[in-house]
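Notes follow once the structure below has been shown.
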């Protein structure tokens, strides 16, 4: 077994040798072999099952290192925030779009029932969109040398800028009379 090289050796289970007649259920199993019941499927899935825990461990450790790296990057980013940016970021982290309200909007829009995970995903995407619009509205406000709370005018201009940068938001045409941020 010890050949001196580090090359992995593929092993296959040894065959089962019948010790009695075909009608007998007694079998002799060679060392290192696995026993199978009569009629059991002869799949190579056993070898795959042995690899899954090792792959899962690698994926888990990779995910842990990625999470650790993400936390470090977030800490560096937060250390460089201005006080106003830090307050907005904390408010962003604390708040979420209500999942039931999002689910209701999706159901009214599509006319179909949606599951809770789908509503959570849409709520997350909506939160990112709202965050981008607010950040652009802050840029508009600074560009105009204004201070204080954001006004609907800042939001309208931010939405216009967002559309200019990304193209049309959504693929459907807006419903007649329903426009976002109307004056």
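Residue numbers (the working numbering): 475 to 657. We put the beta carbon where it would ideally sit given N, CA and C, even for glycine.
In its chain, beyond the 5 residues on either side, 576 and 580 have a beta carbon closer than 7 Å to the beta carbon of residue 596. When the beta-carbon positions are compared, residue 610 and residue 635 come within less than 8 Å of each other. Residue 593 sits buried, since 16 or more C-beta atoms from the chains shown fall within 10 Å of its C-beta. If only uninterrupted alpha helix (DSSP H) runs of at least 4 residues are considered, those enclosed by the segment 558-597 are 573-584. Between the alpha carbons of residue 544 and residue 616 lies a distance of about 30 Å. Out of 564, 625, 583 and 533, the CA that lies nearest to the CA of residue 548 is found in 564. Here the C-alpha atom of residue 561 lies approximately 34 Å from the C-alpha atom of residue 583.
Taking the C-beta atoms as reference points, residue 573 is found nearer than 8 Å to residue 590. Under the DSSP assignment, residue 640 falls in the alpha helix (DSSP H) whose first and last residues are 626-640. Pairing residue 633 with residue 607 gives a Cβ-Cβ distance under 8 Å.
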